[in-house]
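There are 2 protein chains.
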Amino acid sequence: MKVELINPFLEATVSVIKTMAFVDIQAGQPFIKKGTVSRGDISGVVGMTGETEGSMSLTFSQECICHIVSNMFGERISDITEEVKDAVGELTNMISGDARRRLEANGIRLAGAIPSVICGPGHEIRHVTKEPIISIPFVTGKGDFTIEICVK
Amino acid sequence: MKVELINPFLEATVSVIKTMAFVDIQAGQPFIKKGTVSRGDISGVVGMTGETEGSMSLTFSQECICHIVSNMFGERISDITEEVKDAVGELTNMISGDARRRLEANGIRLAGAIPSVICGPGHEIRHVTKEPIISIPFVTGKGDFTIEICVK
């Protein structure tokens with residue numbers, strides 16, 4: 001149960017979403033879950049290796065990602081278009097990179113793999129690990145999203 | 001365009017599916033694609049880092065994975081159950097591990113991250129990279145599946 005992983009990912013998410021989309025988000029209470037799954041309409045996933053092996057996922061409802069990306073682009077977007085998929089890839093890369101820089105400042109060095117973006121209404125993501133998964137819910141005012149982190 | 005990556009993943013896939021599920025599969029012609037996506041009903045994704053960064057995905061139709069898992073378990077399975085999702089995680093781990101061992105024998109060392117399993121009818125996966133993606137289609141006799149590999 002690597003609680004020292006929580007803050008770097010939480011702070012990176014708040015910082016990247018605020019910088020890129022000018023959206024103030026509120027982090028809910030992080031919790032440790034086991035054996036359950038995330039459901040959403042679009043997700044970004046990125047593997048990490050180094051001192052340990054891990055994975056991070058970001059899972060958005062359509063309402064939530066359209067709100068964030070509308071703010072990023074300064075125009076109203078209501079569907080999961082190609083641009084929205086690209087934006088989720090970019091957000092995944094930036095949040096993972098920012099979190100890994102914060103971890104490195106704490107002496108934990110991880111390298112990021114090539115991220116993937118998954119689309120499909122109500123898809124589910126599960127991390128293939130027996131370890132507990134750290135889940136951080138975020139509230140944007142227009143739909144919620146979740147970030148999950150697991151490490152070996 | 002890392003063509004030396006193709007054979008280790010192709011051979012690992014054939015070997016793992018044959019060993020685990022006693023299913024003879026035929027590899028189609030590998031091809032390099034750019035900018036397109038994979039669609040399926042269940043996928044396994046795993047990131048890789050080391051000398052380079054990469055990602056591998058396995059994407060199955062429901063018919064195909066049910067055929068493979070029915071053979072693995074020796075009982076008829078027609079839905080994407082919890083056991084099927086676990087089996088896709090295990091196959092993703094085994095194929096990625098076997099391929100990385102074959103790559104290491106060729107002097108290319110990569111570490112595997114924690115894999116993810118994605119479920120959802122007709123979901124799509126895209127790798128967040130500007131590099132070409134190697135796609136290898138496989139035919140099982142009862143539905144097809146695809147493995148994709150990308151590296152920086």
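Keeping their order, the protein sequence lines are chains A and B.
For the first sequence, position 40 (counting from the first letter as 1) is numbered 40 according to the numbering used here, and the numbering increases by one without interruption.
For the second sequence, position 24 (counting from the first letter as 1) is numbered 24 according to the numbering used here, and the numbering increases by one without interruption.
For glycine and all other residues, C-beta sits at the position ideal for the given N, C-alpha and C.
In this text, all values refer to a predicted model and were calculated from it rather than measured experimentally.
Please report whether the beta-carbon of Arg101(B) lies at a distance below 8 Å from any beta-carbon of chain A. For this step, residue 101(B) is matched to residue 101 along the second sequence. By this cut-off, Arg101(B) is not an interface position.
At the 8 Å Cβ level, is Thr129(B) part of the contact set with chain A, yes or no? Looking up residue 129(B) in the second sequence gives position 129. Yes, Thr129(B) counts as interfacial toward chain A.
Taking only three categories from DSSP, how would you classify Ser61(B)? Counting from one through the second sequence, the residue named residue 61(B) turns up at place 61. Looking at Ser61(B) - three-state DSSP - the assignment turns out to be coil, as it is neither helix nor strand.
Taking one C-beta from the region 4-17 of chain B and one from the region 58-72 of chain A each time, how about it: are there three or more such pairs within less than 8 Å? Segments in contact, no.
I'd like to know whether the C-beta atoms of Ala113(A) and Ser78(B) end up nearer to each other than 8 Å. Position 113 of the first sequence, counted from the first residue, corresponds to residue 113(A). Position 78 of the second sequence, counted from the first residue, corresponds to residue 78(B). Contact: no.
Alpha carbon to alpha carbon, how far is Gly50(A) from Gly28(A)? Give it in angstroms, no decimals. As a working mapping, residue 28(A) is identified with position 28 in the first sequence. As a working mapping, residue 50(A) is identified with position 50 in the first sequence. C-alpha separation (whole angstroms): 29 Å.
Thr49(A) CB to nearest chain B CB: under 8 Å? Position 49 of the first sequence, counted from the start, is the residue given in the question as residue 49(A). Output row for Thr49(A): interface = yes.
Output, in chain order, the set of chain B residues within a Cβ distance shorter than 9 Å of Val46(A). If you number the first sequence from 1, residue 46(A) lands on position 46. Those are Gly47, Ser55, Ala113 and Val128, listed as they occur along chain B.
In chain B, which residues lie with their C-beta within 7 Å of the C-beta of Glu83(A)? Residue mapping note: residue 83(A) aligns to position 83 of the first sequence, counting from 1. Simply none; closest approach about 13 Å.
Other residues of its chain near Ile32(B): CB distance less than 8 Å, five sequence neighbours each side excluded: The residue labelled residue 32(B) in the question sits at position 32 within the second sequence. Closer than 8 Å at Cβ, skipping near neighbours: Met1, Pro132, Ile133, Ile134 and Ser135.
Closer than 8 Å is the cut-off here; do at least three beta carbon pairs connect the region 13-25 of chain B with the region 117-130 of chain B? no
The beta strand (DSSP E) that contains Phe145(A), what's its start and end? If you number the first sequence from 1, residue 145(A) lands on position 145. First-last of the beta strand (DSSP E) with Phe145(A): Asp144 to Val151.
Around the C-beta of Ala87(B), are 16 or more other C-beta atoms found within 10 angstroms, so that it is buried, or is it exposed? To locate residue 87(B), count along the second sequence from 1; it is residue 87. Label assigned to Ala87(B): buried.
By the criterion of Cβ-Cβ separation under 9 Å, what are the contact partners of Lys152(B) in chain A? Translated into the one-based positions of the second sequence, residue 152(B) becomes position 152. Under the 9 Å cutoff, chain A gives Ile114.
Minimum Cβ-Cβ distance from Thr59(A) to chain B less than 8 Å: Along the first sequence, read from residue 1 onward, the residue named residue 59(A) stands at position 59. Chain B contact via Cβ: absent.
Note down, in chain order, every chain A residue with its Cβ under 7 Å from the Cβ of Thr13(B). By one-based count along the second sequence, residue 13(B) stands at place 13. Residues of chain A passing the Cβ test: none, with the nearest at roughly 17 Å.
Does the Cβ-Cβ distance between Val139(A) and Ile65(A) come in under 8 Å? Residue 139(A) sits at position 139 when you count from the first residue of the first sequence. Residue 65(A) sits at position 65 when you count from the first residue of the first sequence. Contact flag unset, no.
Contact with chain A by Asn106(B), beta-carbon distance below 8 Å: Here residue 106(B) refers to the residue found at position 106 of the second sequence. Closer than 8 Å: no.
Mark Val16(A) as exposed unless 16 or more other C-beta atoms lie within 10 angstroms of its C-beta, in which case mark it buried. The residue given as residue 16(A) occupies position 16 in the first sequence. Buried.
Would you mind stating whether Phe145(A) and Phe73(A) have Cβ atoms separated by less than 8 Å? For the purposes of this step, residue 145(A) is taken as the residue at position 145 of the first sequence. For the purposes of this step, residue 73(A) is taken as the residue at position 73 of the first sequence. No, the pair does not count as a contact, with Cβ atoms beyond the cut-off.
Report yes or no: is there a C-beta of chain A within less than 8 Å of the C-beta of Val117(B)? On the second sequence, position 117 is the one that residue 117(B) refers to. So yes, Val117(B) belongs to the interface.
So, Leu58(B) versus Gly47(B), is the Cβ gap smaller than 8 Å? Along the second sequence, one-based indexing puts residue 58(B) at 58. Along the second sequence, one-based indexing puts residue 47(B) at 47. No; because the gap between Cβ atoms is not below 8 Å, this pair is not in contact.
Mind listing the chain B neighbours of Thr92(A)? Cutoff is C-beta to C-beta under 8 Å, in chain order. Walking along the first sequence from the start, residue 92(A) turns up at place 92. By Cβ distance, chain B contributes Val128.
Taking 7 Å as the limit between beta carbons, can you name the residues of its chain near Lys142(A), skipping five residues before and five after? Mapped onto the first sequence, residue 142(A) falls at position 142. Excluding sequence neighbours, Lys142(A) sits near Glu63, Cys64 and His67.
With a cut-off of 8 Å, does the C-beta of His123(B) fall near any C-beta of chain A? Position 123 of the second sequence, counting from 1, holds the residue named residue 123(B). Closer than 8 Å to the CB of His123(B) there is at least one CB belonging to chain A.
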